[in-house]
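Residue numbers (this note's numbering): 490 to 871. For each residue, glycine too, the CB sits at the ideal point set by N, CA and C.
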Amino acid sequence: MGTVSRADTAISVTSLEKSFSNEQVLRGVDFDVAPSEFCVVVGPSGSGKSTLLKCIAGLVPFDAGSIHLDGRAVDEVDVEDRELGYVFQDFEERLFPHMSVAENVAFGLRQRENPPSASEVDARIDEMLDLLSIPETRDNTPSELSGGQQQRVELARQLIRECDVMLLDDPLADLDYKLQKRMELEMRRIHDDLGSTFVYVTHNQDQALKLADKLVVVNQGMIEQIGTPEEVYAEPETAFVGRFIGDTNPLLGDVVRTEGSNVVVDTPVGEIHAAPRENTPEVGTEVIVLVRPEDLTLGADATGCDNRFSVSVEDRTYTGELTEFTVSLGDDVEEFQVVRDGNVPREAVGKRTTIGWDADEGVAYDTLSVVDTVTVEDLMEV
490 MGTVSRADTA ISVTSLEKSF SNEQVLRGVD FDVAPSEFCV VVGPSGSGKS TLLKCIAGLV
550 PFDAGSIHLD GRAVDEVDVE DRELGYVFQD FEERLFPHMS VAENVAFGLR QRENPPSASE
610 VDARIDEMLD LLSIPETRDN TPSELSGGQQ QRVELARQLI RECDVMLLDD PLADLDYKLQ
670 KRMELEMRRI HDDLGSTFVY VTHNQDQALK LADKLVVVNQ GMIEQIGTPE EVYAEPETAF
730 VGRFIGDTNP LLGDVVRTEG SNVVVDTPVG EIHAAPRENT PEVGTEVIVL VRPEDLTLGA
790 DATGCDNRFS VSVEDRTYTG ELTEFTVSLG DDVEEFQVVR DGNVPREAVG KRTTIGWDAD
850 EGVAYDTLSV VDTVTVEDLM EV
């Protein structure tokens with residue numbers, strides 16, 4: 490196996506394959522993580538995220554391909570010698586209930602063949618607890634802590650080992666909403682303070698967008714797209730990514746003609762103009778057109794748009810910064826979501842209005858490009 494320069498990558502995954510019984514869980518996975526990068530692997534439940542993380546950690550053997558850590562093939566390094574920290578989703582079950590927070594945090598250090606001195610261990614414990622803003626918990630047992638504090642103790646227990654790479658398996662999934670939001674900020678701050686390489690697995694798209702330097706979007710054991718959060722959100726390479734990352738309104742139809750670089754698609758609500766994702770599909774090709782809610786124009790401003798439809802406003806939700814509308818284009822398609830800045834009056838509900846969008850705001854994906862593990866019906870329902 491070849492080696493990879495440490496200056497370029499901390500983790501390199503190449504053509505990784507893994508099956509359990511007759512089910513293939515990872516299908517030719519390829520991606521790199523740079524030193525000090527916060528890489529988020531995001532995908533729906535059952536997409537292979539956690540299995541991928543366990544392969545990197547050496548907890549699960551892979552069937553084919555390779556994984557390099559700091560230029561060394563993982564199968565050439567004993568699991569206990571890999572400089573990895575691993576935070577599980579069920580972190581509270583990993584803490585020793587009979588030990589204090591300080592004893593839990595120091596456990597890994599004290600188990601080393603040549604552990605640091607007692608004074609060095611105490612200093613390191615204080616450093617970790619300060620970093621995670623929980624110095625007051627030093628003498629508590631896990632049962633005396635909140636969920637967020639327990640999670641930080643488990644983080645401290647891994648971080649104190651000074652691993653170059655941290656693997657985190659959806660560690661915020663079981664926390665309540667407000668605590669999740671607070672811990673998202675903490676997680677990013679901890680990463681930036683330490684400068685370690687983080688690989689973070691989650692099914693939460695919003696969390697992924699907030700945390701990541703690099704997003705790896707996986708589905709059915711395959712990578713759909715790799716890029717920055719801005720790239721993945723603004724330029725989804727596949728219909729799945731467009732449907733999974735953020736919100737989109739889908740319309741299914743057939744290409745009836747081309748107009749310049751755009752296509753005209755016959756849909757259940759009539760003809761629409763759209764921009765093809767890649768090569769212009771031939772007439773008769775079935776496509777799925779995706780439009781972001783924030784790209785839709787509502788009311789009189791829709792008059793000049795390439796695509797315009799009369800709709801009834803079914804619902805309105807005010808979220809503080811935004812107002813979200815649900816509008817109906819007719820019985821043959823799913824209701825559309827429209828997002829507007831600020832507080833738009835409730836009086837619109839129950840009335841008819843117009844929505845519109847320009848051709849380049851609706852992206853057409855050839856349904857033949859959809860992988861065999863995902864159906865068009867699945868995409869319409871994501």
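- In this structure the region 707-716 does not touch the region 736-748; the number of beta carbon pairs closer than 8 Å is below three.
- Contact between I500 and D521 holds, with the beta-carbon distance rounding to 7 Å and staying under 8 Å.
- A check of alpha carbon separations from T806 across R797, R829, V514, S799 identifies R829 as the nearest.
- Each residue's CA atom was taken as its position, placing G547 and V531 some 20 Å apart.
- For the pair V590 and N629, the CB atoms are nearer than the 7 Å cut-off.
- Excluding residues up to 5 positions away in sequence, V752, A853 lie with their Cβ nearer than 7 Å to the Cβ of P765 in the same chain.
- Following the DSSP letters along the chain, one finds C544 in no beta strand (DSSP E) but inside the alpha helix (DSSP H) bounded by residues 538-546.
- At the C-beta level, V529 and A697 come within 7 Å of one another.
- DSSP places R613 in the uninterrupted alpha helix (DSSP H) bounded by 607-620.
- In this structure, V776 lies away from D659, with their beta-carbon atoms at least 7 Å apart.
- In terms of Cα proximity to G537, the closest of F551, G773, R599, R650 is F551.
- Closest in C-alpha terms to E643, from the list G560, E526, N768, G597, comes G597.
- When the five nearest sequence neighbours on each side are left out, the beta carbons in the same chain lying within less than 7 Å of the beta carbon of L584 are those of N593, P631, Q639, V642, E643, in order along the chain.
- Annotation for K703: no alpha helix (DSSP H) segment contains it, though the beta strand (DSSP E) segment containing it runs 703-708.
- Of G759, T808, G574, E625, the smallest CA-CA separation from G742 is found for G759.
- Between the alpha carbons of M588 and E783 lies a distance of about 51 Å.
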